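**Q** Have a look at this one before I ask anything.
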Amino acid sequence: MLNKDLKDYIDLVNKGSSDFLKKKVSLVTGGAGGIGTAICKELANLGSIVYICDIKEAKSLANEINAGYSDVRAIPIKTDISNKSEVKNMFEQILNENGGVDILINNAAVYGEPPLNFLEISYENFKKIISVDLSGAIYCTIAAIPHMIKKGWGKIMFTAAPLSSSGIPAPYLAGKSGFIGLTKFFSEKLKKYGIGTFAVVLRHIYTPMIKKVIESRNIDIKNAKKDLDKKSLTGRMATTEEIAKMFAYFALPISNHMSGQTILADGGISYLR
Amino acid sequence: MESMRELKGKNCIFLGANDSFGRELCKNLAKVGLNLGLIDFDHFDSLNLSNNLKNIGVKSISATVIPGKAISFEKAVARIIEYLGDLDFLICAYYFDEDISYENDEFHIDKLSMEKWDNVLEKWAGSYFLMIKSVLPHMLNKNKGKIIFTNLTSGYTGEGEGEGQLSGISSLYFSACSSAITGTMTSIAREIIPLGVKVNGVAFNPTLKRDDDRILNAFIFLLSDISYYTCGQIIRLY
Numbered sequence: 007m008l009n010k011d012l013k014d015y016i017d018l019v020n021k022g023s024s025d026f027l028k029k030k031v032s033l034v035t036g037g038a039g040g041i042g043t044a045i046c047k048e049l050a051n052l053g054s055i056v057y058i059c060d061i062k063e064a065k066s067l068a069n070e071i072n073a074g075y076s077d078v079r080a081i082p083i084k085t086d087i088s089n090k091s092e093v094k095n096m097f098e099q100i101l102n103e104n105g106g107v108d109i110l111i112n113n114a115a116v117y118g119e120p121p122l123n124f125l126e127i128s129y130e131n132f133k134k135i136i137s138v139d140l141s142g143a144i145y146c147t148i149a150a151i152p153h154m155i156k157k158g159w160g161k162i163m164f165t166a167a168p169l170s171s172s173g174i175p176a177p178y179l180a181g182k183s184g185f186i187g188l189t190k191f192f193s194e195k196l197k198k199y200g201i202g203t204f205a206v207v208l209r210h211i212y213t214p215m216i217k218k219v220i221e222s223r224n225i226d227i228k229n230a231k232k233d234l235d236k237k238s239l240t241g242r243m244a245t246t247e248e249i250a251k252m253f254a255y256f257a258l259p260i261s262n263h264m265s266g267q268t269i270l271a272d273g274g275i276s277y278l279r
Numbered sequence: 147m148e149s150m151r152e153l154k155g156k157n158c159i160f161l162g163a164n165d166s167f168g169r170e171l172c173k174n175l176a177k178v179g180l181n182l183g184l185i186d187f188d189h190f191d192s193l194n195l196s197n198n199l200k201n202i203g204v205k206s207i208s209a210t211v212i213p214g215k216a217i218s219f220e221k222a223v224a225r226i227i228e229y230l231g232d233l234d235f236l237i238c239a240y241y242f243d244e245d246i247s248y249e250n251d252e253f254h255i256d257k258l259s260m261e262k263w264d265n266v267l268e269k270w271a272g273s274y275f276l277m278i279k280s281v282l283p284h285m286l287n288k289n290k291g292k293i294i295f296t297n298l299t300s301g302y303t304g305e306g307e308g309e310g311q312l313s314g315i316s317s318l319y320f321s322a323c324s325s326a327i328t329g330t331m332t333s334i335a336r337e338i339i340p341l342g343v344k345v346n347g348v349a350f351n352p353t354l355k356r357d358d359d360r361i362l363n364a365f366i367f368l369l370s371d372i373s374y375y376t377c378g379q380i381i382r383l384y
């Protein structure tokens with residue numbers, strides 16, 4: 007027998023509605039980046055009010071999203087998530103403006119400036135990267151939990167990297183792999199409050215960050231893309247829009263029963279290659 | 147046993163000798179014949195342990211480091227290597243004895259603290275980073291060396307497993323930091339194993355008894371040449 011959330015979802019699909027997340031407030035960190043932008047657009051399309059959190063200005067993205075709707079769905083919120091005070095202020099603002107966060111997507115990441123190999127990287131640079139990629143997400147999660155508990159529902163997601171991965175620099179991998187333990191931990195502790203947690207492990211997604219990494223290695227972008235496409239068992243890298251749909255799915259009530267999951271979205275590279 | 151004999155007289159730097167886990171492991175490694183340079187954040191306990199180890203006939207010295215201060219790690223390593231004469235192994239086994247609560251205390255959401263996370267990250271992952279950075283020039287000079295790090299199985303499971311799971315607020319920090327350490331070490335291992343320095347790890351259930359034989363067995367295996375072809379692995383002790 008289908009559960010209520012699944013039935014509601016099917017009913018809404020049959021009615022042609024796309025407002026599954028109406029009245030829900032989402033916060034997407036790194037919202038102005040490649041994957042972040044796609045997630046913001048997808049959540050807005052599902053009816054959510056989306057706060058686009060980024061260290062960069064995101065007004066033009068918010069305007070672009072809002073142009074497609076009669077109501078305001080995207081709100082830029084410029085924040086450095088590695089700064090605890092800024093994070094606290096951001097959540098305070100969202101609480102005052104729209105009653106708090108329902109859906110938190112910890113997506114922000116920096117790859118860092120070279121040198122990134124362990125033999126050359128300084129501790130300061132290591133710390134700087136990890137303070138965004140790992141600590142930033144932990145700060146946001148700690149700040150979001152009280153909002154979600156008050157609402158009796160919430161979704162927390164992390165963009166993650168595999169615990170072991172080839173050629174990824176230590177600070178980036180440290181940050182992104184830290185979410186695996188955290189997702190399970192929070193799932194266990196927060197389920198009684200109706201809060202679900204997910205980690206989506208991404209590899210080989212065609213984003214501006216991937217382009218930047220390829221260019222920093224002085225490799226021809228077209229050849230590099232072809233090589234990366236071939237590595238995936240699907241024959242090509244995933245697009246940011248495809249990944250955004252995964253996050254949107256986990257934001258929906260239909261996925262309420264899937265908490266604590268770490269989902270690989272890697273074209274089969276991690277285990278099948 | 148051959149593997150135990152081959153470790154006799156080898157020189158090892160050990161980060162994290164002050165807590166119950168590190169202390170027990172150091173005593174056992176000394177029995178196997180390792181000379182030990184003990185590093186921790188507080189000098190008093192490691193100095194006492196060092197003196198005790200000297201009494202059972204092994205070379206031992208202690209030094210302190212300051213979390214986040216690279217120069218303090220470099221100085222401590224230089225001092226220990228000068229005393230021991232050489233360096234074969236680094237064991238990074240820092241642990242948070244004072245913060246982990248095994249009792250069934252409830253997970254209090256209001257106790258979640260950004261500042262506490264910063265502290266765990268710098269003391270644990272940060273110290274592993276600085277420790278390896280400091281010993282690596284010595285090991286690479288000789289194209290040899292083994293690095294073993296420890297973390298917790300909660301980095302994979304989100305919790306301790308078996309009886310007496312970690313239930314306190316601190317388990318949040320340990321779960322996240324353990325996973326982060328695994329990621330860091332995997333990346334470091336890929337880079338430095340081809341240069342002659344082996345990196346492996348031991349993850350243990352935080353509720354494991356400190357005198358559990360499997361802990362010493364895992365370390366003897368990874369320190370000895372039996373594990374020559376084992377690279378970038380983490381032995382999980384549940």
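These protein sequences, in sequence, are chains A and B. Heads up: the first sequence is residues 7 to 279, going by our numbering. Heads up: the second sequence is residues 147 to 384, going by our numbering. The C-beta atom is built at its ideal place from N, Cα and C for all residues, glycine as well. Small disclaimer: the values here were computed from a predicted structure and weren't measured.
Return helix, strand or coil for Y374/B, following the three-state DSSP convention.
**A** coil
**Q** Can you name the residues that DSSP bridges to P82/A?
**A** I58/A
**Q** Check the DSSP bridge columns for C238/B and list the partner residues they point to.
**A** L161/B and F295/B
**Q** Assign I111/A to one of three DSSP states: helix, strand, or coil.
**A** strand
**Q** So L195/B and L184/B are supposed to be a Cβ contact under 8 Å. How far apart are they, rounded?
**A** Approximately 6 Å separates the beta-carbon atoms of L195/B and L184/B; this is inside 8 Å, confirming the contact.
**Q** Please list the partners that P175/A has in chain B, where partner means a Cβ-to-Cβ separation under 8 Å.
**A** Neighbours of P175/A on chain B, chain order: S333.
**Q** I need the boundaries of the beta strand (DSSP E) containing K1/A, first residue and last residue.
**A** Residue 1/A is absent from the model: chain A starts at 7 and stops at 279.
**Q** Is the stretch 60-76 of chain A touching the stretch 143-153 of chain A in the sense that three or more CB pairs, one from each, lie closer than 8 Å?
**A** no
**Q** Among the residues of its own chain, which have a CB less than 6 Å from the CB of L161/B, if the five just before and after it don't count?
**A** Short of 6 Å from the beta carbon of L161/B, and not among the five residues preceding or following it, lie these beta carbons of its own chain, in chain order: I185, C238, Y240 and M277.
**Q** Take D86/A and list the residues in its own chain whose beta-carbon comes closer than 7 Å to its own, dropping the five residues that flank it on each side.
**A** I61 and E92, listed in sequence order.
**Q** Considering just the uninterrupted stretch of the beta strand (DSSP E) at A349/B, what are its terminal residues?
**A** K344 to F350
**Q** With distances taken between CB atoms, is the gap from K228/A to H210/A smaller than 8 Å?
**A** no
**Q** May I have a chain-ordered list of the beta strand (DSSP E) segments no shorter than 3 residues that lie completely inside the stretch 139-168 of chain A?
**A** 160-166
**Q** Can you find a CB in chain A that lies within less than 8 Å of the CB of E337/B?
**A** yes
**Q** Which word fits I159/B, buried or exposed, when buried means at least 16 other C-beta atoms lie within 10 angstroms of its C-beta?
**A** Buried.
**Q** The ligand COA and K47/A: does the residue's C-beta get closer than 7 Å to at least one heavy atom of that ligand?
**A** Here there are no bound small molecules, and the ligand COA is not part of this structure.
**Q** Considering only DSSP beta bridges, list what S206/B is partnered with.
**A** L182/B
**Q** For I16/A, is the classification buried or exposed, using 16 other Cβ atoms within 10 angstroms of its Cβ as the cut-off for buried?
**A** I16/A should be labelled exposed.
**Q** Let me see if you follow: with CB-CB separation under 8 Å, is Y129/A close to chain B or not?
**A** yes
**Q** Is there a C-beta anywhere in chain B that falls below 8 Å from the one on F164/A?
**A** no
**Q** Determine the direct distance from the alpha carbon of V207/A to that of E193/B, and round the result to whole angstroms.
**A** For clarity, residue 193/B is Leu in the given sequence; the question names Glu instead. Using only the alpha carbons, I get a separation of about 44 Å.
**Q** I need the DSSP call for Q379/B, collapsed to helix, strand or coil.
**A** Shown here, Q379/B sits in coil according to DSSP, grouped into three states, outside any helix or strand.
**Q** Using a C-beta to C-beta distance shorter than 8 Å, which residues of chain B count as neighbours of N123/A?
**A** E337
**Q** Looking only at its chain, what residues have a beta carbon closer than 7 Å to the beta carbon of F124/A, apart from the 5 residues adjacent to it on each side?
**A** A176
**Q** Pairing CB atoms from the stretch 188-195 of chain A with CB atoms from the stretch 350-369 of chain B, are three or more of them under 8 Å?
**A** No, the stretch 188-195 of chain A is not in contact with the stretch 350-369 of chain B.
**Q** Using 8 Å as the cut-off, can you tell me whether the stretch 317-332 of chain B makes contact with the stretch 180-190 of chain A, which would need three or more C-beta pairs spanning the two stretches below that distance?
**A** Contact check between the stretch 317-332 of chain B and the stretch 180-190 of chain A: three or more CB pairs, one atom from each, fall below 8 Å, which counts as touching.
**Q** Report the residue from P152/A, F185/A and D233/A whose alpha carbon sits nearest the alpha carbon of A114/A.
**A** F185/A
**Q** Could you tell me whether the stretch 250-267 of chain A touches the stretch 31-51 of chain A, where touching means 3 or more Cβ pairs closer than 8 Å?
**A** yes
**Q** Where does the unbroken alpha helix (DSSP H) through F124/A begin, and where does it stop?
**A** Taken as a continuous stretch (DSSP letters only), F124/A belongs to no alpha helix (DSSP H), as it is neither H nor E.
**Q** Our contact map puts G291/B next to F235/B with C-beta atoms below 8 Å; I'd like the distance itself, whole angstroms only.
**A** 7 Å
**Q** Buried or exposed: C377/B, going by 16 or more other Cβ atoms within 10 Å of its Cβ?
**A** exposed
**Q** Give the DSSP-derived three-state secondary structure of A250/A in the structure shown.
**A** helix
**Q** Hey, could you find the ends of the alpha helix (DSSP H) V281/B is sitting in?
**A** First-last of the alpha helix (DSSP H) with V281/B: S273 to N287.
**Q** Kindly indicate which three-state DSSP category G266/A falls into: helix, strand or coil?
**A** Three-state result, G266/A: coil.
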